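Everything below concerns the one structure shown next.
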Amino acid sequence: MNTNISNECLWSLIKVSTGIFDRKIWALKFLDALGKFPTGIAEGSFAHFGEFDECLEIEHHDQNDEFKTIYGRYCLAKIIIPYPPIFNNNDHPSIETLYKRHHFEYFINFLKLYNLDNYLTMRKVVEKLNNQHGTCILSGI
Numbered sequence: 210m211n212t213n214i215s216n217e218c219l220w221s222l223i224k225v226s227t228g229i230f231d232r233k234i235w236a237l238k239f240l241d242a243l244g245k246f247p248t249g250i251a252e253g254s255f256a257h258f259g260e261f262d263e264c265l266e267i268e269h270h271d272q273n274d275e276f277k278t279i280y281g282r283y284c285l286a287k288i289i290i291p292y293p294p295i296f297n298n299n300d301h302p303s304i305e306t307l308y309k310r311h312h313f314e315y316f317i318n319f320l321k322l323y324n325l326d327n328y329l330t331m332r333k334v335v336e337k338l339n340n341q342h343g344t345c346i347l348s349g350i
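Our numbering applies: residue 210 is where the sequence shown begins, and numbers increase by one.
Right, here's the structure in full:
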């Protein structure tokens, strides 16, 4: 995986991570403002957009460097989950067939845990998960 992260962004990530481990309120607000896996999945709720205002209010001035400040910045992220392979034009793979594929293993366990595998087809679940979700990210200087 190739990531192009600037030094300022990397510095901010390290500062926020350290702040979270040190239980600093300003850093914990990033976690609090994040979009989370929603409740009510069985009822069709697949999105939680996070706390927009709380995210934008996050501001931390570094005591060691007066020119470095970390701000919260809200963005929408689209998660793309690949559709499972189609074995023929009219048939969708069974839950057991998908279970054998490693990248669906945890998801299938989740469906079975909440007894959703009997109610949802994999295609519909992937369509729902491919919706946009909001999240709070940090913004450097």
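Here a beta-carbon is modelled for each residue, glycine too, at the ideal position from N, C-alpha and C. In this text the structure is predicted, and so the values were computed from the model without any measurement.
Simplified DSSP assignment, three categories, for residue i
i	result
Glu268	strand
Asn273	coil
Residue span of the alpha helix (DSSP H) that contains residue i, given as start and end
i	result
Gly228	216-230
Leu243	Unbroken run through Leu243: none, as it is neither H nor E.
Cβ neighbours of residue i in the same chain (closer than 7 Å, five flanking residues each side left out)
i	result
Glu263	Lys238, Asp241, Ala242
Asn273	none
His269	Trp235, Thr278, Ile279
Proximal residues to residue i (C-beta, below 6 Å), its chain only, five neighbours per side dropped
i	result
Phe236	The residue you asked about is not Phe; residue 236 is Ala in the sequence shown. Once the five neighbours on either side are set aside, the close Cβ partners of Ala236 are Val225, Gly228, Ile229.
Phe261	Tyr283
Asn213	none
Ile267	Lys238, Gly281
Residues of its chain near residue i, where Cβ-Cβ distance is below 8 Å and the 5 sequence neighbours each way are ignored
i	result
Asp271	Lys224, Lys277, Thr278, Ile279
Arg232	none
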